[in-house]
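Peer 1: Under the working numbering, the final residue of the sequence shown carries the number 951; numbering is consecutive throughout.
Backbone N, C-alpha and C define an ideal beta-carbon position, used for all residues, glycine too.
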Amino acid sequence: MNHRNEPSHTRIPAALTTAGAALLLTLAAGQALAQSQNPAPNTPTAATHGSLPGANGEPVALNAAQQQSLRQAFNWANRDGTILRSVIVPRQQFIGTAGLKERSGYLNVKVKDRAQMLTQLGAEAQHTPGGTQTRAVDEPNAQADAQARFDAQLASAQARMVEARNRLAPSLREAYDDIDMHSVRIPDGVSAEVAAEALMRTGDYEFVSMDWLCYPADTTPNDPQFGLQWYHAANRIDTVSAWDFTQGDSSTIIAVCDSGVDIDHPDLAAALVPGYNATENLPQVDGGSVNDSLNGHGTLVAGAAAAIGNNNTGISGIGWDFSIMPIRVSNLSNGTALLSNILEGARWASDNGAYSINCSFGGAEDSATRTSGGHIRLEGHLLVFAAGNDGLANQTNDWEKVTIVGASNQADNWVSWSHTGVGIDCIAPGVNIRSTTRTGGYTYTTGTSFSAPITAGALALVHDANPALTADEVEFILLNACDDFMTPGEDNQTGWGRINVGQAVSDAINGPSITALPFEETFPGPDLPLQWRNPVGDVIVSDDAVNPPSGSYALNLDANDSIETIEMRAGVLLGETGEIRFWTQHRGVDAGETLEIEYLGLVGWATLDTIESDGTNQSDFILRRYVMPGLAAFDGTKLRFTAHTSDGGDDWYIDDVIVRAFEGNTLPWEDSFENGITETLDWTQSDATATDDAANEPDGAFSALLTGQGSMTSAEVAIADTPSAVYMRFYTQHQGVENDESLLVEYKTATGLWNELTTIESDGVDQSQFQLHQIALPVAGYGANTALRFTADGDEADDAWYIDAVAITNDLIVEDPCPADINGDGMVNFFDVSAFLTAYNNQQPDGDFNNDGLFNFFDVSGYLAAFSAGCP
Numbered sequence: 080m081n082h083r084n085e086p087s088h089t090r091i092p093a094a095l096t097t098a099g100a101a102l103l104l105t106l107a108a109g110q111a112l113a114q115s116q117n118p119a120p121n122t123p124t125a126a127t128h129g130s131l132p133g134a135n136g137e138p139v140a141l142n143a144a145q146q147q148s149l150r151q152a153f154n155w156a157n158r159d160g161t162i163l164r165s166v167i168v169p170r171q172q173f174i175g176t177a178g179l180k181e182r183s184g185y186l187n188v189k190v191k192d193r194a195q196m197l198t199q200l201g202a203e204a205q206h207t208p209g210g211t212q213t214r215a216v217d218e219p220n221a222q223a224d225a226q227a228r229f230d231a232q233l234a235s236a237q238a239r240m241v242e243a244r245n246r247l248a249p250s251l252r253e254a255y256d257d258i259d260m261h262s263v264r265i266p267d268g269v270s271a272e273v274a275a276e277a278l279m280r281t282g283d284y285e286f287v288s289m290d291w292l293c294y295p296a297d298t299t300p301n302d303p304q305f306g307l308q309w310y311h312a313a314n315r316i317d318t319v320s321a322w323d324f325t326q327g328d329s330s331t332i333i334a335v336c337d338s339g340v341d342i343d344h345p346d347l348a349a350a351l352v353p354g355y356n357a358t359e360n361l362p363q364v365d366g367g368s369v370n371d372s373l374n375g376h377g378t379l380v381a382g383a384a385a386a387i388g389n390n391n392t393g394i395s396g397i398g399w400d401f402s403i404m405p406i407r408v409s410n411l412s413n414g415t416a417l418l419s420n421i422l423e424g425a426r427w428a429s430d431n432g433a434y435s436i437n438c439s440f441g442g443a444e445d446s447a448t449r450t451s452g453g454h455i456r457l458e459g460h461l462l463v464f465a466a467g468n469d470g471l472a473n474q475t476n477d478w479e480k481v482t483i484v485g486a487s488n489q490a491d492n493w494v495s496w497s498h499t500g501v502g503i504d505c506i507a508p509g510v511n512i513r514s515t516t517r518t519g520g521y522t523y524t525t526g527t528s529f530s531a532p533i534t535a536g537a538l539a540l541v542h543d544a545n546p547a548l549t550a551d552e553v554e555f556i557l558l559n560a561c562d563d564f565m566t567p568g569e570d571n572q573t574g575w576g577r578i579n580v581g582q583a584v585s586d587a588i589n590g591p592s593i594t595a596l597p598f599e600e601t602f603p604g605p606d607l608p609l610q611w612r613n614p615v616g617d618v619i620v621s622d623d624a625v626n627p628p629s630g631s632y633a634l635n636l637d638a639n640d641s642i643e644t645i646e647m648r649a650g651v652l653l654g655e656t657g658e659i660r661f662w663t664q665h666r667g668v669d670a671g672e673t674l675e676i677e678y679l680g681l682v683g684w685a686t687l688d689t690i691e692s693d694g695t696n697q698s699d700f701i702l703r704r705y706v707m708p709g710l711a712a713f714d715g716t717k718l719r720f721t722a723h724t725s726d727g728g729d730d731w732y733i734d735d736v737i738v739r740a741f742e743g744n745t746l747p748w749e750d751s752f753e754n755g756i757t758e759t760l761d762w763t764q765s766d767a768t769a770t771d772d773a774a775n776e777p778d779g780a781f782s783a784l785l786t787g788q789g790s791m792t793s794a795e796v797a798i799a800d801t802p803s804a805v806y807m808r809f810y811t812q813h814q815g816v817e818n819d820e821s822l823l824v825e826y827k828t829a830t831g832l833w834n835e836l837t838t839i840e841s842d843g844v845d846q847s848q849f850q851l852h853q854i855a856l857p858v859a860g861y862g863a864n865t866a867l868r869f870t871a872d873g874d875e876a877d878d879a880w881y882i883d884a885v886a887i888t889n890d891l892i893v894e895d896p897c898p899a900d901i902n903g904d905g906m907v908n909f910f911d912v913s914a915f916l917t918a919y920n921n922q923q924p925d926g927d928f929n930n931d932g933l934f935n936f937f938d939v940s941g942y943l944a945a946f947s948a949g950c951p
């Protein structure tokens, strides 16, 4: 919301001198008097300014009357005198669009901010005699002198900004102080372009632009029956907003696989391109009949998708100028057709350039349809099928490359006769659709047969809005932009919801504004992905981070940079567990400086976490996991990341951002407690606290602290389908624990029982290092609900067991750089194998290769792998 000041309440900046304040008040009062004597019209116009010299960019030598008009309109400083006496060559032209944005009698003028003004003053000094002189820096008070010079420059910049505002005062219409922008009247007798150029030559303004007279953005065609097409409205599928950007193009072909099309219909004929008769296997150019002479269904379908718009005739299709390719698949009066003919016609259409191919028939769920959809998608085109009208739950196959469409009514509700099932992708208007008839007229019709071509037209319009999009991206954008009026997320009645063509076209041009879960971002390249909005500061994607978790790039925030995700449809998580996760790394960030993570909840922005730097550059990324707050479980939630640091050299890196439903953990699972103890996601029960009190933590600064007889139980990890051995890995350290007191470690079996994995006993001596434990999981633990449990057996509150870097994984940590060199001679050969086997058979320490306290297959397997790797 703009904070605006009317001219009669013009703000006097604090830095303004007394004399300057008096002058500004006088100018403001004079302006108010002039306005009371010559009130501005309710609708300002610039018709005269648009026809004056300079409006087309030509050079203008101002005559005496024009110079006087500019002097009266603006309070020129002494240094501005040469501007009015010189030849002015406008560098910009203000070209409007009739009925959308038109010229007014005002300009918007943005005063440069302090940093820009300092730069401007520096540039002017370079062109001033003596302006490039420098002073020695080895004098006794160099630092104080430098500060004094800077303070003087700052004061000059502030004064220059005040002067820039004063200049505009005589013509000021309204001041927008929150952004230091001012709407000013264009002087009489001078074109807007010349006035703008004169102001820009002062060097005091960031931009001068037309204060456009903007119309409501509703582009509507002149077709006389357009008002009978209820679904085009802004509160329905909103094609009127889409038409502000594109009305379709004749190079985009919509194929209608049906009973043919009335080739003489006044709202269709001019759009027709040669088609095909699939029942005769004969192209139209070779004599194949494509005229809708028997049934009329195909003509109704064609009109719904692509009746010519804005031709002062009948109705308008989803696009005004699409080409229509008639594909006749039936020669029967009842319009029935073989699925093979329908699909052969669809493939022929795609092979011959049709972008969006519509089939308003049954058969969407058939495997043959999937195959043809895949063929068509490989060609970069889209196959659309109607769901059916008999109220059946028969859409049992969710074909990835076929768009299957159900019906909605005037209230945006799913209609009960529209077929359902996992195959439904979306719904579209299918009730009382005004369309073309094969007799050259128009009628109302109902059915998913018309929901489908409306969707086919919508897909084509999205494509025309951004032809660089792939077919997969076009379908995604349309489905992602759907209005979801029923069960949140995809469901078997409405799919992703009722199509919203206006939103989809906007998303095609500007990037989606909302997305379904899961939200995933890996920053694959140097460009900021379209899933991010509202950057503040110099937000970039950088490859300067060390070891990003995926690829080479990560989001980079410094100073006080901030950025948000697009909105997410998180309503599906209402009553369910959601997960927010990402990785962070900080480099060059001073101790105590932070990265704040916020989420947009139902009551506004709230802090999810604040991550504080310890002042040490990180060489690894740290995984952060959070249970999604209940207030964020709605359609429209967002994440926001904000750096709170002192300068541009303080770098926070963020990578692999994921928001999704929590469906359990899989291999590998690990937790280093850098994000605290995340209950639900990582730990189902915990008496532990996250602390940095332990010495020499192996991974990050934090570990989990268990005292007394506290316990902690990990969340379950599914490992039933693991391809190799699984290890329970963790580090422990004890302090203040008496001799023979212990830490019990258990694993959960596939049948849900808890069995002992190991018991770690204290020797009563405080440890200054963490001890690594890697224990092969017994076969009884291989299942879908494997878990770890740690239980301390102490009798005092200060009996401290520190636990860190807990993992259930397939990987072993090998601390010895050449573990297979058993005899330590720097080589790996037969003698090492012999030494290992001897130690293994005698159950000596070197034979327990994985240090799990057992002698079994896993030791042999581990040694052989190390032997094969050799020495570095």
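What residue range is occupied by the uninterrupted alpha helix (DSSP H) comprising ALA531?
Peer 2: Its alpha helix (DSSP H) spans residues 527-544.
Peer 1: Can you name the residues that DSSP bridges to PHE661?
Peer 2: DSSP lists ARG703 as partners of PHE661.
Peer 1: If you follow the beta strand (DSSP E) that ARG719 is in, where does it begin and where does it stop?
Peer 2: That run of the beta strand (DSSP E) goes 718-723.
Peer 1: Let's test the definition: count the other Cβ atoms within 10 Å of the Cβ of GLY941 and tell me whether it reaches 16, buried, or not, exposed.
Peer 2: Buried, because 16 or more other Cβ atoms sit within 10 Å of the Cβ of GLY941.
Peer 1: Specify, as a first and last residue, the run of the alpha helix (DSSP H) that ASP53 falls within.
Peer 2: There is no way to answer for residue 53, as the model of the chain reaches only from 80 to 951.
Peer 1: What are the boundary residues of the beta strand (DSSP E) that THR524 is part of?
Peer 2: Residues 521-524.
Peer 1: Looking only at C-alpha atoms, which of CYS897, ILE839, GLU554 sits nearest to ALA944?
Peer 2: Ranking the options by Cα distance to ALA944, first place goes to CYS897.
Peer 1: On the DSSP bridge list, what partners appear for ASN437?
Peer 2: According to DSSP, which records beta bridges pairwise, ASN437 is partnered with VAL335, VAL463.
Peer 1: What is the residue span of the beta strand (DSSP E) that ARG456 lies within?
Peer 2: Premise fails: ARG456 lies in the alpha helix (DSSP H), 446-457, not in any beta strand (DSSP E).
Peer 1: Buried or exposed: where does GLU742 fall if 16 or more other Cβ atoms within 10 Å of its Cβ makes it buried?
Peer 2: With fewer than 16 other Cβ atoms within 10 Å, it is exposed.
Peer 1: Please tell me whether LEU679 and THR716 are closer than 8 angstroms, where the distance is taken between their beta carbons.
Peer 2: Cβ distance < 8 angstroms, so LEU679 and THR716 count as in contact.
Peer 1: Within 10 Å of its beta-carbon, does TYR523 have 16 or more other beta-carbons around it, so buried, or fewer, so exposed?
Peer 2: Under this definition TYR523 is an exposed residue.
Peer 1: Let me check understanding here. Comparing Cα to Cα, which of LEU292, GLY709, GLN788 lies closest to SER183?
Peer 2: When only C-alpha atoms are compared, the closest one is LEU292.
Peer 1: Taking only the alpha-carbon atoms, compute the straight-line gap between ASP551 and ARG456 and give it to the nearest angstrom.
Peer 2: Computed Cα separation, rounded: 8 angstroms.
Peer 1: Rounded to whole angstroms, what's the CA-CA distance from THR768 to ALA783? Just pull it up for me.
Peer 2: So the alpha carbons of these two residues sit roughly 6 angstroms apart.
Peer 1: Ignore the nearest five residues each way along the sequence and tell me which others in ASP41's own chain have a CB closer than 6 angstroms to its CB.
Peer 2: As shown, the chain starts at 80 and ends at 951. That puts residue 41 outside it, with no answer to give.
Peer 1: Are the beta-carbon atoms belonging to ARG868 and GLU835 less than 8 angstroms from one another?
Peer 2: No; because the gap between Cβ atoms is not below 8 angstroms, this pair is not in contact.
Peer 1: Going by CA-CA distance only, name the one from CYS561, VAL796, MET807 that's closest to SER487.
Peer 2: Residue CYS561 is the option with its Cα nearest to SER487.
Peer 1: Sort LEU891, SER395, VAL682, ALA231 by Cα distance to VAL319 and report the nearest one.
Peer 2: If we check each option's Cα against that of VAL319, SER395 comes out closest.
Peer 1: Taking the alpha helix (DSSP H) that GLU423 belongs to, which residues open and close that run?
Peer 2: Element bounds for GLU423: 418-430.
Peer 1: Count the other CB atoms within 10 Å of the CB of MET289; is the residue buried (16 or more) or exposed (fewer)?
Peer 2: By the neighbour-count rule (16 or more Cβ atoms within 10 Å), MET289 is buried.
Peer 1: In whole angstroms, what is the alpha-carbon distance linking GLY727 and PHE720?
Peer 2: If you take the alpha carbons of GLY727 and PHE720, they lie about 16 angstroms apart.
Peer 1: If I measure Cβ to Cβ from PHE440 and keep anything under 6 angstroms in the same chain, skipping five residues before and after, which residues do I get?
Peer 2: Contacts found: ILE421.
Peer 1: Quick one: residues in its chain with C-beta nearer than 7 angstroms to the C-beta of LEU557, no 5 flanking neighbours on either side, listed in chain order?
Peer 2: Excluding positions up to five away in sequence, the list reads ALA537, LEU538, VAL541, ILE578, ALA583.
Peer 1: Tell me whether ALA948 is buried or exposed, calling it buried when 16 or more other Cβ atoms sit within 10 Å of its Cβ.
Peer 2: The residue is exposed, with fewer than 16 neighbouring Cβ atoms inside 10 Å.
Peer 1: Determine whether the beta carbon atoms of SER409 and SER338 lie at a separation below 8 angstroms.
Peer 2: Going by C-beta atoms, SER409 is nearer than 8 angstroms to SER338.
Peer 1: Is the separation between the beta-carbon of GLY952 and that of ALA357 shorter than 8 angstroms?
Peer 2: Past the boundaries of the shown model lies residue 952; the chain is included only from 80 to 951, so the question cannot be answered.
Peer 1: Is DSSP giving MET196 helix, strand or coil here?
Peer 2: Looking at MET196 - three-state DSSP - the assignment turns out to be helix.
Peer 1: Please report the straight-line C-alpha distance between ASN889 and THR745, rounded to a whole angstrom.
Peer 2: If you take the alpha carbons of ASN889 and THR745, they lie about 11 angstroms apart.
Peer 1: Which residue wins for smallest C-alpha separation from ALA876, given the options ASP938, MET906, VAL907, THR786?
Peer 2: The shortest Cα separation from ALA876 among ASP938, MET906, VAL907, THR786 belongs to THR786.
Peer 1: For HIS952 versus TRP731, is the C-beta spacing smaller than 8 angstroms?
Peer 2: Residue 952 lies beyond the range of the chain shown here (80 to 951); nothing can be said about it.
Peer 1: Can you tell me which of the three DSSP states LEU943 falls into?
Peer 2: The answer is helix: DSSP assigns LEU943 an H, G or I state.
Peer 1: Measure the alpha-carbon distance for VAL273 versus GLY136 and round it to whole angstroms.
Peer 2: About 8 angstroms.
Peer 1: With 16 as the cutoff for other CB atoms within 10 Å, does SER841 come out buried or exposed?
Peer 2: Burial call: buried.
Peer 1: Taking all protein chains shown into account, decide if CYS438 is buried (16 or more other Cβ within 10 angstroms of its Cβ) or exposed.
Peer 2: Under this definition CYS438 is a buried residue.
Peer 1: Express the C-alpha separation of VAL263 and LEU103 in angstroms, rounding to a whole number.
Peer 2: At LEU103, the pLDDT of 28 sits below 50, so the modelled position is not reliable; the number obtained from the coordinates is stated separately. Distance between the alpha carbons of LEU103 and VAL263: 15 angstroms.
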